[in-house]
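Protein chains in written order, with this note's numbering: chain A, 1 to 258; chain B, 1001 to 1100.
Note that the Cβ used here is the ideal one computed from N, Cα and C, for glycine as well.
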């Protein structure tokens, strides 16, 4: 038996928010079988190559993973140009992102390889979107928030039409186990904001695990940036895969266990 | 940190990008995570023409130190250029001054 799992990765279309035809990067193991699904929510700069690496990483570990391009409606220019345009326009609306994530989940469920369990993971603004999704979308079995800023909104003036509610205010509706990964040197979210988020989760009796890393700031999993911290990232990824294994993949062990 | 904070500057000017020279009317300026640079944060400037839909941009990413140095050099170039040409810099592009 081959040591490494074969996988297939490609860009697909999916039915996004409002029935729009969106694009997504989808990777899954090629061997016949049922696999849990993962929706990967990309960070604010956009649907970039690092995001596709994350999607393939999940497929390598035995998941059918998809990352919807949250900025596809902006045009057909390169993802970084679209990301810049979205930034200048103040971002995309939470309702639209939730619709796109729900559409990506439906895509996974419709595949013949679907085990029926789906997890969501997001990075940066995607971490915030993951928190929001875990509180508002049905059918998520496990959620991972990687350094999502603005879950707590200290200044009400920061709320707007696109982001009308602070995710922390929806925590009562959190419907699945939540894993949080944070660098203690991050400026958004700060260590204090992470502590305050944890306090709310604890008070509401939610199933959560938070891991905070010293010597790491924002985006410390990102191998394309100075922010990359190999030691902390390797441990963080272990936490992520152990968490998803526990909640999604009882029948599909990671490659290390095979 | 990632944010949507963008300083917008209305401009009169032109930029050379993938499609050659284009008119620009806006610079979106922000200090945040980069797209291309490996630096943690960059001073990014996207020169664009929002009057024509803002679909193309000429993009720059600089370290904070470089950006501050550039500001100083821009001001110095304006000062020395104005002195050399004996006129204040400015005015609309394509304006034609006809002297009798």
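- The C-beta of residue 159(A) comes no closer than 9 angstroms to any C-beta of chain B.
- Taking a beta-carbon distance threshold of 9 angstroms, residue 1043(B) does not count as an interface residue toward chain A.
- For chain A, the residues of the segment 1046-1062 of chain B that bring a beta carbon within less than 7 angstroms of one of its beta carbons are 1046, 1054, 1055, 1057, 1059, in chain order.
- Rounded to the nearest whole angstrom, the CA to CA distance from residue 1031(B) to residue 1042(B) is 5 angstroms.
- Taken atom to atom, the span from the alpha-carbon of residue 237(A) to that of residue 218(A) is near 15 angstroms.
- Under the three-state reduction of DSSP output, residue 30(A) falls in the coil class, being neither helix nor strand.
- By the C-beta density criterion, residue 11(A) is exposed, having fewer than 16 other C-beta atoms within 10 angstroms.
- Between residue 240(A) and residue 179(A), the CB-CB gap stays under 9 angstroms.
- Taken in chain order, the complete beta strand (DSSP E) segments of 3 residues or longer contained in the segment 1036-1084 of chain B are 1042-1048, 1057-1062.
- DSSP places residue 36(A) in the strand class (E or B) of the three-state scheme.
- Contact annotation, residue 119(A) with residue 36(A): C-beta distance approximately 7 angstroms; criterion of less than 8 angstroms satisfied.
- In the three-state reduction of the DSSP assignment, residue 128(A) falls in the helix class.
- When secondary structure is reduced to three states using DSSP, residue 1025(B) falls in the strand class.
- For residue 144(A) and residue 169(A), the gap between their C-alpha atoms comes out near 18 angstroms.
- If you look at residue 230(A), you'll find it in the alpha helix (DSSP H) that goes 230-248.
- Straight-line spacing of the CA atoms in residue 21(A) and residue 15(A) works out to 5 angstroms.
- Along the segment 35-67 of chain A, going in chain order, the ones with a CB nearer than 8 angstroms to a CB of chain B are 43, 44, 45, 46, 48.
- Assignment of residue 221(A) by DSSP, reduced to helix, strand and coil, places it in the coil class.
- Restricted to the segment 157-223 of chain A, the alpha helix (DSSP H) segments that are unbroken, complete and at least 4 residues in length are 191-203, listed in chain order.
- The count of Cβ pairs closer than 8 angstroms, one atom from the segment 1077-1086 of chain B and one from the segment 114-134 of chain A, stays below three, leaving the stretches out of contact.
- One Cα belongs to residue 106(A), the other to residue 1069(B), and the distance between them is close to 51 angstroms.
- Burial is judged here by how many other beta carbons sit within 10 angstroms of a residue's own beta carbon; residue 1034(B) has at least 16 and is buried.
- Note on geometry: alpha-carbon atoms of residue 1054(B) and residue 75(A) lie some 11 angstroms from one another.
- Looking at the backbone, the Cα of residue 64(A) and that of residue 1047(B) are separated by about 39 angstroms.
- Legend: CB atoms of the segment 104-133 of chain A lying less than 7 angstroms from CB atoms of chain B belong to residues 124, 125.
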